[in-house]
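Undergrad: I have a structure here, written as structure tokens, and I will follow up with some questions on it.
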Amino acid sequence: MRISLFQKLFAALLLSSTLVIATMAILINASFKDGFQQYLNEEELIKVRQLATRVSSYYSPNHEWYRIRQSPHIWASLLQQLGEVPPPIGRRPPPPEQAKTPTMPKPSIMAPLSARLNLFDAQQQLVLGPRENLKLHKEITLEKVPITLDAQVIGYITVAQNQSLTNQLAQRFLQSQTKHLATISIAVIVLSLLFALVCARYLLEPLRALHKGANAVGGGDLDYCIKHRGNDEIADVTKAFNHLVASLKQQEQLRERWLSDISHELRTPLAVLRGELEAVQDEIRKPQPELIDSLHQQVLTLTRLVDDLRATSQADLQQQLDLQQLNLDSLLTNVVASYDRRYQDKQLTLDYIAADDVASIIGDKHKLTQLMNNLLENSYRYTDSGGEVKVALTQRLDEVVLVVEDSSPGVPDEALSKLSDRLYRVDQSRSREFGGSGLGLSICNNIIQGHQGTLMLDHSHLGGLKVTVYLPINNPSH
Numbered sequence: 001m002r003i004s005l006f007q008k009l010f011a012a013l014l015l016s017s018t019l020v021i022a023t024m025a026i027l028i029n030a031s032f033k034d035g036f037q038q039y040l041n042e043e044e045l046i047k048v049r050q051l052a053t054r055v056s057s058y059y060s061p062n063h064e065w066y067r068i069r070q071s072p073h074i075w076a077s078l079l080q081q082l083g084e085v086p087p088p089i090g091r092r093p094p095p096p097e098q099a100k101t102p103t104m105p106k107p108s109i110m111a112p113l114s115a116r117l118n119l120f121d122a123q124q125q126l127v128l129g130p131r132e133n134l135k136l137h138k139e140i141t142l143e144k145v146p147i148t149l150d151a152q153v154i155g156y157i158t159v160a161q162n163q164s165l166t167n168q169l170a171q172r173f174l175q176s177q178t179k180h181l182a183t184i185s186i187a188v189i190v191l192s193l194l195f196a197l198v199c200a201r202y203l204l205e206p207l208r209a210l211h212k213g214a215n216a217v218g219g220g221d222l223d224y225c226i227k228h229r230g231n232d233e234i235a236d237v238t239k240a241f242n243h244l245v246a247s248l249k250q251q252e253q254l255r256e257r258w259l260s261d262i263s264h265e266l267r268t269p270l271a272v273l274r275g276e277l278e279a280v281q282d283e284i285r286k287p288q289p290e291l292i293d294s295l296h297q298q299v300l301t302l303t304r305l306v307d308d309l310r311a312t313s314q315a316d317l318q319q320q321l322d323l324q325q326l327n328l329d330s331l332l333t334n335v336v337a338s339y340d341r342r343y344q345d346k347q348l349t350l351d352y353i354a355a356d357d358v359a360s361i362i363g364d365k366h367k368l369t370q371l372m373n374n375l376l377e378n379s380y381r382y383t384d385s386g387g388e389v390k391v392a393l394t395q396r397l398d399e400v401v402l403v404v405e406d407s408s409p410g411v412p413d414e415a416l417s418k419l420s421d422r423l424y425r426v427d428q429s430r431s432r433e434f435g436g437s438g439l440g441l442s443i444c445n446n447i448i449q450g451h452q453g454t455l456m457l458d459h460s461h462l463g464g465l466k467v468t469v470y471l472p473i474n475n476p477s478h
């Protein structure tokens, strides 16, 4: 049986609320019961203290409590003054030394206050009151209140007090309060049920929206966006979902543009080849050396474009790098030296400066050589004759920094962030004129990312483009 998240959340909220309310009701009821009994006992002690004050006037220094012992009605009168019904007046108790072991039952915890009082002299000998009050058990405690006269203790009044609620009127009051508390608890539980229902629906609403959005995106709707509220974890998930959909849409647009650009790039040389060959077939042109050279140049253009596409695809597939310890200074010196003649032929100045003691890095020699070749080839193709290209190698903390910057022409601000995109050219016609496929910097970026590095593009103070490559000394993927 499948239990939905709504049911689980609803049950959790309801059970937790019910448990808290039930626990509070039980504790409140127990606390009220104990507190109410303590209140009743304290009220009794107040009366006993008043009784101790009044009974002291019947004490005689010579005869002590003889008058009270011989006249029990005095005791009864004092109790009546306190609002208590005195117990039946019977025979006074025999002297303690003549008293036999009582056979009466234990005092009733339901007895009124007057029946639970005893009067003792200063030597704590019983003067008045039933002896069964002195037979205690777990539900009764004996409280002793001293009787003083002229700052001297002349006797004691004891009261056997209940520790559990036994007064019938108090019990009825407690039962009434318990019923009210139970009614309130049930009402609160019902309200908690409604709250849990609303709360569960409210909390799960974003998840339903995410589920609906996932189905929509799975069906191809990349314009779907979920409205988020608040700033909690669910809102973060919603934002992440919207960002994911936006990224998917962007990737889809890039893929479509990629296919369109590839088709366009391949169409141009193929159209030239087709036109030249058809001209030969129609005997409009003869297969002279100039024609063959033109066809050869178009084939080279196609070959170069296909090679660049293959290199980009391999970088996308994240082929296994052949990592080894490399001295970038030595590697870069060889690459720069291989371009000296070509740069001189175009009247370009190529300068290379390396800082002392640049640390070796962990990298793929073939890929990094391709990276440097692409950067120098890019500067060679797009720097005007008579310009200059500067290459610098330095170290910053745990990174090696490679900078390649050239002179004019420059790059517009809006083009800087797009230069590493596939097939992007600032000037389409000029790029084709110099043999650029628009994939050079894209391949460089893939190689750098494969080495856990970073590529930065900016304006050069020489007037052209500044390319900065950050490569970690210790490759995390090694």
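Note that the UniProt record's numbering has the sequence shown beginning at 1, numbered continuously upward. Every residue, glycine too, gets a C-beta built ideally from N, C-alpha and C.
Is DSSP giving L13 helix, strand or coil here?
TA: L13 falls in the helix class under three-state DSSP.
Undergrad: So, for E399: in the same chain, excluding its five sequence neighbours on each side, which residues have a beta-carbon less than 7 Å away from its beta-carbon?
TA: So the list reads Y470, L471, P472, I473, once near-sequence residues are dropped.
Undergrad: In terms of residues, what are the limits of the alpha helix (DSSP H) holding Y382?
TA: Looking at the DSSP string, the run of the alpha helix (DSSP H) that includes Y382 is 365–382.
Undergrad: Could you check if A246 is buried or exposed, using at least 16 other CB atoms within 10 Å of its CB as the buried criterion?
TA: exposed
Undergrad: Can you give me the Cβ contacts of S114 inside the same chain, cut-off strictly under 7 Å, excluding the 5 residues immediately before and after it?
TA: L79, E84, V85, P86, P87
Undergrad: Among Q177, N62, S56, whose alpha-carbon lies nearest the alpha-carbon of I74?
TA: S56
Undergrad: Note down, in chain order, each residue of its chain lying with its Cβ closer than 8 Å to the Cβ of F195, except the 5 sequence neighbours on either side.
TA: Hits under 8 Å: L13, S17.
Undergrad: If we count the other Cβ atoms within 10 Å of its Cβ and call it buried at 16 or more, is G219 buried or exposed?
TA: Under the 10 Å beta carbon count, G219 is surrounded by fewer than 16 other beta carbons and is classified as exposed.
Undergrad: Check the DSSP bridge columns for D458 and list the partner residues they point to.
TA: K466
Undergrad: Using DSSP with H/G/I as helix, E/B as strand and the rest coil, what is S408?
TA: In the displayed model, S408 falls within coil according to three-state DSSP, outside both helix and strand.
Undergrad: Going by C-alpha distance, which of N231, L244, A235 is nearest L222?
TA: L244
Undergrad: In three-state terms, what does DSSP make of N118?
TA: strand
Undergrad: With DSSP as the reference, label G220 as helix, strand or coil.
TA: coil
Undergrad: Is L45 helix, strand or coil by DSSP?
TA: helix
Undergrad: Taking the beta strand (DSSP E) that D351 falls in, what are its first and last residues?
TA: 349–354
Undergrad: Please state if the CB of L393 and the CB of T369 are separated by a distance shorter than 8 Å.
TA: No, the pair does not count as a contact, with Cβ atoms beyond the cut-off.
Undergrad: Determine which residues share a DSSP beta bridge with N162 and list them.
TA: I140
Undergrad: Is E399 helix, strand or coil by DSSP?
TA: strand
Undergrad: Report yes if the CB atom of residue 481 is closer than 8 Å to the CB atom of A111, and no otherwise.
TA: Look at the range of the chain in this structure, 1 to 478, and you will see that residue 481 is not part of it.
Undergrad: For Y59, which three-state DSSP category applies?
TA: coil
Undergrad: Please report the distance separating the alpha-carbon of T103 from that of L126.
TA: Legend: pLDDT at T103 = 40, less than 50; position of this residue unreliable, value from coordinates given subsequently. So the two alpha carbons sit approximately 17 Å from each other.
Undergrad: Nearest CA to the CA of Q395: which residue from S407, D413, T301, D356?
TA: D356
Undergrad: Does the Cβ-Cβ distance between Y380 and Y352 come in under 8 Å?
TA: no
Undergrad: Pick helix, strand or coil for Q324, following the three-state DSSP scheme.
TA: strand
Undergrad: Assess, as a yes-or-no matter, whether the stretch 455–470 is touched by the stretch 399–410 under the definition of 3 or more beta carbon pairs within less than 8 Å.
TA: yes
Undergrad: Quick check: the Cα distance between N118 and L128, rounded to an integer number of angstroms?
TA: 6 Å
Undergrad: Give me, in chain order, the residues of the same chain whose beta-carbon lies closer than 7 Å to that of L375; leave out the 5 immediate sequence neighbours on both sides.
TA: V404, C444, V467
Undergrad: Pull the bridge partners of L471 from the DSSP assignment, please.
TA: The partner list for L471 (beta bridge, DSSP) reads V400.
Undergrad: Please state if the CB of T238 and the CB of P206 are separated by a distance shorter than 8 Å.
TA: yes
Undergrad: State the Cα-Cα distance for the pair K346 and Q324, rounded to the nearest angstrom.
TA: Approximately 35 Å, taken between the alpha carbons.
Undergrad: Quickly, what does DSSP pair H146 with across the bridge? List them, please.
TA: In the sequence on display, residue 146 carries Pro and not His. In DSSP, P146 forms a bridge with Y156.
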